[in-house]
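Please read the structure below before turning to the comments.
Protein chains: 2
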Amino acid sequence: MSPAGNPGEGEFGLIRRHFASGYPRSRDTWLGIGDDAAVIIPPAGMTLVQSLDTQVADVHFPASAPAWLIAQRALRCAASDLAAMGASPQGFYLGLTLPHNQPEWMSGFASGLRAAAHECGLALLGGDTTRGPVCVISVMVQGWLPLDSSTNEPGVQGLFRHTANASDDIWVSGCIGMGALALPIVLNDPACSEGLAGHYYFPQPRLALGVGLRGIASAAMDISDGLLQDAGHIARASALDLTIHTEQVPTASTDLGSSAWQTCLTGGDDYELLFCAPDSQREAIAAIARDCMVTCTRIGVCSKPAAAEPRVLAQLNGQPLDLSKQGYQHF
Amino acid sequence: MSPAGNPGEGEFGLIRRHFASGYPRSRDTWLGIGDDAAVIIPPAGMTLVQSLDTQVADVHFPASAPAWLIAQRALRCAASDLAAMGASPQGFYLGLTLPHNQPEWMSGFASGLRAAAHECGLALLGGDTTRGPVCVISVMVQGWLPLDSSTNEPGVQGLFRHTANASDDIWVSGCIGMGALALPIVLNDPACSEGLAGHYYFPQPRLALGVGLRGIASAAMDISDGLLQDAGHIARASALDLTIHTEQVPTASTDLGSSAWQTCLTGGDDYELLFCAPDSQREAIAAIARDCMVTCTRIGVCSKPAAAEPRVLAQLNGQPLDLSKQGYQHF
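In structure tokens:
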């Protein structure tokens with residue numbers, strides 16, 4: 001709206017220096033950064049999977065955290081949505097709003113972004129950098145899922161929320177609650193990224209597991225707002241009750257019933273996969289989990305809804321579990 | 001990071017109410033809002049064109065402007081990048097950061113967004129709403145361009161910046177400087193959207209013209225940061241000098257040489273197309289312009305660069321034009 005002060009190299013130099021090279025290459029990218037838009041050639045027989053994720057300083061991460069950690073977390077969290085769909089990662093777009101033009105911050109951010117991009121196999125396809133009073137990071141990730149040629153209607157072989165079936169097992173990957181227990185540590189010392197705090201800044205998007213579960217799992221999602229709340233999404237989308245045996249959930253706190261243990265079940269920032277599968281797939285899932293070097297644990301079962309509204313029925317040793325806290329909602 | 005106060009309907013209710021219906025439908029969308037990601041089936045023989053655009057309150061629009069005008073402008077500006085590529089619009093993702101949860105603001109924003117989406121032919125495919133201290137709007141637009149089967153290498157039939165040729169004519173669509181002259185009016189009264197101010201809030205992405213110019217124009221871009229500055233992008237990308245006869249540019253101020261006239265040439269917010277084409281295409285361009293009901297005006301010519309660095313040579317009645325002001329840079 002008003003010409004910003006521009007004592008330095010300007011937007012174009014900044015983009016060239018930090019965002020033009022060093023990122024994974026994508027075979028599908030016909031035209032990358034530098035024109036009004038990027039051009040991608042979709043591989044034959046593939047569908048496009050896309051998700052946009054926004055993180056705001058001091059809402060989704062500490063504003064004073066080192067820039068490379070902020071970038072790592074932002075891209076990994078966004079990539080988790082591709083894992084949740086079983087999609088093969090392709091690339092991402094970055095919307096970056098910044099209150100300053102500090103070369104060291106930018107350079108740190110770009111180094112974290114490059115490392116996370118390589119980890120996730122995501123090419124940087126484009127974006128927009130703007131000045132604003134607070135750091136806001138929007139990441140649009142995309143990937144591919146195969147068309148399913150076995151059906152008459154155009155079908156897609158992927159992982160969705162609405163496709164779980166009654167009597168399916170319920171599974172989670174990894175260990176639940178690491179991110180939630182790390183949060184107070186990170187708030188106390190935003191620069192700490194070791195030990196438990198590492199789970200906050202370096203969530204592991206389960207991309208290989210997601211791809212492996214295509215055709216095996218009946219439904220899936222990633223856990224970002226808390227296991228028990230997120231399970232409700234599959235319950236409602238699939239019109240099923242999801243009974244979760246909370247004592248079987250692998251949690252960062254193993255003190256059953258404690259406040260820390262409850263935080264694990266309801267806190268956010270896990271970025272593990274919650275998925276459903278028929279019991280005939282138990283061995284296949286164990287094999288995929290071994291291949292992907294991630295634990296997968298059965299934690300419950302799907303059933304036809306007992307009441308009008310599909311529900312998540314959290315149980316502890318066979319008894320209903322009473323939780324004081326629900327998961328995270330932004331609004 | 002911390003559970004936001006949630007006295008109302010929550011994020012999911014908000015998304016359902018404002019973003020789930022009333023937008024254009026896309027035949028290509030297999031799975032829309034409601035899962036971890038959307039799934040799009042690319043039409044056969046088409047490539048994907050994508051651009052992300054971020055606007056920040058009181059940087060790119062007045063924070064106190066009516067929400068429906070903010071939404072109109074945000075989506076139209078983003079869609080202009082598709083016009084610049086000659087792409088057929090498909091859909092968009094919305095990242096919306098807001099300092100409040102005012103139902104009237106949201107409802108106004110959604111009404112403007114829906115109207116602009118219909119105007120541009122863009123389905124709403126997904127997004128993310130977050131709380132933050134300032135309103136930030138990221139819009140990711142996408143569309144399709146045909147693969148060009150006439151070439152051995154995979155080619156794309158679209159409009160790019162790097163493909164202009166020496167002796168090509170230089171053209172602009174519409175009238176230049178409306179947005180720049182509207183800016184002081186809008187800053188004085190952000191709610192004013194009539195007359196000249198309408199050009200600020202309702203820029204016309206030249207989508208039909210862009211599609212029509214495929215195979216006709218040799219290069220194109222949209223003018224967002226000022227005609228003379230933006231022409232430099234084509235000059236550098238195509239390694240050509242661009243001589244612009246400024247007296248031939250259709251400007252909102254016709255007082256040649258005046259400060260207002262200079263503002264037209266260098267101010268931003270035009271969202272008209274700047275394009276190049278061989279002189280053999282003059283009649284074809286006139287016909288396309290008539291079909292699209294937009295004026296297209298020849299304003300200059302491309303040539304091999306006279307110096308090492310390709311340049312924009314702005315002339316007024318055959319003499320070099322000395323401008324005190326360059327276009328807009330955010331950083």
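Residue numbers (UniProt numbering), protein chains in the order written: chain A, 1 to 331; chain B, 1 to 331. Built from N, CA and C at the ideal position, the CB exists for glycine as well.
Inset, instruction - Pick out whichever of A37/B, C292/B, L242/B and P310/B has its Cα sitting closest to the Cα of A87/A. - result: The shortest CA-to-CA distance from A87/A to any of A37/B, C292/B, L242/B and P310/B is the one to A37/B.
Legend entry - N- and C-terminal bounds of the beta strand (DSSP E) containing C192/B: Where C192/B is concerned, there is no enclosing beta strand (DSSP E), given that its DSSP letter is neither H nor E.
Legend entry - CB-CB length for F19/A against A110/A, believed under 8 Å: Between A110/A and F19/A the Cβ distance is about 7 Å, and since that is below 8 Å, they are a contact.
Legend entry - Residue-level contact to chain A via CB, P184/B, 8 Å cutoff: For P184/B, the answer is no, since every Cβ of chain A falls outside 8 Å of its Cβ.
Legend entry - Rounded C-alpha distance that separates M46/A from M85/A: Computed Cα separation, rounded: 14 Å.
Legend entry - chain A contact for L321/B (CB, 8 Å cutoff): Taking Cβ atoms only, chain A never reaches closer than 8 Å to L321/B, which makes this a no.
Legend entry - Simplified DSSP assignment, three categories, for V249/A: V249/A carries a coil assignment under DSSP once its states are collapsed to helix, strand and coil.
Inset, instruction - Taking a Cβ distance cut-off of 8 Å, strictly less, list which residues of the region 11-44 of chain A are near chain B, in chain order. - result: Listed in sequence order: E11, F12, L14, W30, L31, G34, D35, D36, A37, A38, V39, I40, I41 and P42.
Inset, instruction - Output yes if chain D places a C-beta closer than 8 Å to the C-beta of M85/A; else output no. - result: This model lacks chain D altogether; the protein chains it does include are A and B.
Legend entry - Cβ-based contacts, 7 Å cut-off: residues of the region 205-224 of chain A near chain B: So the list reads M221 and D222, given in the order they occur along the chain.
Inset, instruction - State the DSSP-derived secondary structure class of Q229/A, mapped to helix, strand or coil. - result: Note: Q229/A maps to helix in three-state DSSP.
Legend entry - Inside the region 265-317 of chain A only - beta strand (DSSP E) runs reaching at least 3 residues: Those beta strand (DSSP E) runs which fall completely within the region 265-317 of chain A and span 3+ residues are 272-277, 296-303 and 312-316.
Legend entry - Cβ neighbours of A197/A in the same chain (closer than 7 Å, five flanking residues each side left out): If we look at A197/A and ignore the five residues flanking it on each side, its Cβ neighbours are A182, I185 and V186.
Legend entry - Residues bridged to Q50/A [DSSP beta-bridge criterion]: Beta-bridge partners of Q50/A (DSSP): Q142/A and A38/B.
Legend entry - N- and C-terminal bounds of the alpha helix (DSSP H) containing G210/A: If you look at G210/A, you'll find it in the alpha helix (DSSP H) that goes L207 to L213.
Legend entry - Inter-residue Cα distance where the pair is H330/B and R214/B: Caution is warranted here: a pLDDT of 39 is assigned to H330/B, below 50, making its placement in the model unreliable, and the coordinate value is therefore given only provisionally. Cα atoms of H330/B and R214/B: separation of roughly 31 Å, rounded to the nearest angstrom.
Inset, instruction - Using the Cα positions of G300/B and H245/B, report the straight-line distance between them to the nearest angstrom. - result: Just so you know, the alpha carbons of G300/B and H245/B end up roughly 5 Å apart.
Legend entry - Cβ-Cβ separation, I223/A to D168/A (assumed contact under 8 Å), whole Å: At roughly 17 Å, the Cβ-Cβ gap does not stay under 8 Å, so D168/A and I223/A are not in contact.
Inset, instruction - Assign Y328/B to one of three DSSP states: helix, strand, or coil. - result: Annotation note: pLDDT 44 at Y328/B (below 50); position unreliable, no value reported.
Inset, instruction - Specify, as a first and last residue, the run of the alpha helix (DSSP H) that Q72/B falls within. - result: Here the alpha helix (DSSP H) through Q72/B covers A67 to M85.
Legend entry - Length of the line joining the Cα atoms of E194/A and H118/A: The alpha-carbon of E194/A is positioned some 21 Å away from that of H118/A.
Inset, instruction - Could you say if the region 62-70 of chain A and the region 139-158 of chain B meet the contact criterion of at least three C-beta pairs nearer than 8 Å? - result: Verdict: no, contact absent.
Legend entry - M293/B burial status per 10 Å Cβ neighbour count (16 or more: buried): With fewer than 16 other Cβ atoms within 10 Å, it is exposed.
Inset, instruction - Would you verify that the beta carbon of M140/A is, or is not, closer than 8 Å to some beta carbon of chain B? - result: It does: the Cβ of M140/A has a partner Cβ on chain B nearer than 8 Å.
Legend entry - Stretch pair the region 202-220 of chain A + the region 126-139 of chain A: three plus CB contacts closer than 8 Å: By the criterion of at least three beta-carbon pairs nearer than 8 Å, the region 202-220 of chain A is not in contact with the region 126-139 of chain A.
Legend entry - Outcome for V312/A when other beta-carbon atoms lying within 10 angstroms are tallied against a minimum of 16: In summary, V312/A is buried, with 16 or more beta-carbon neighbours lying within 10 Å of its beta-carbon over all protein chains present.
Inset, instruction - Assuming A78/A contacts L273/A (C-beta within less than 8 Å), just tell me the rounded distance between them. - result: Not confirmed; about 15 Å, so no contact.
Legend entry - For F92/A and L124/A, the rounded distance between their alpha carbons: Take the alpha-carbon of L124/A and the one of F92/A: they are about 5 Å apart.
Inset, instruction - Would you mind working out which of R298/B, L113/B and A284/B sits nearest L96/B, comparing C-alpha positions? - result: Looking at the Cα atoms, L113/B is the closest of the given residues.
Legend entry - From L98/B, L323/B, G257/B and H199/B, residue whose alpha carbon lies closest to that of T130/B: Of L98/B, L323/B, G257/B and H199/B, the residue nearest in Cα terms is L98/B.
Legend entry - Q262/B classed as buried or exposed, judged by whether at least 16 other C-beta atoms fall within 10 angstroms: Buried, since its Cβ has 16 or more Cβ neighbours within 10 Å.
Legend entry - CB contact check: F331/B to chain A, cutoff 8 Å: Legend: pLDDT at F331/B = 37, less than 50; position of this residue unreliable, value from coordinates given subsequently. Interface residue, yes.
Inset, instruction - Please list the partners that L256/A has in chain B, where partner means a Cβ-to-Cβ separation under 8 Å. - result: Within chain B, no residue comes near L256/A; the closest Cβ sits about 23 Å away, beyond 8 Å.
Legend entry - Residues near A164/B by beta carbon distance below 6 Å, same chain, minus five either side: Only S218, A219, I234, S238, L240, C276 and C302 meet the Cβ criterion.
Inset, instruction - At 9 Å on the CB atoms, spell out the chain A contacts of R76/B, in chain order. - result: Proximity of chain A to R76/B at the Cβ level (cut-off 9 Å) is not reached, the minimal Cβ distance being about 15 Å.
Legend entry - Straight-line Cα distance separating G143/A from A166/A: Each residue's Cα considered, the two are about 30 Å apart.
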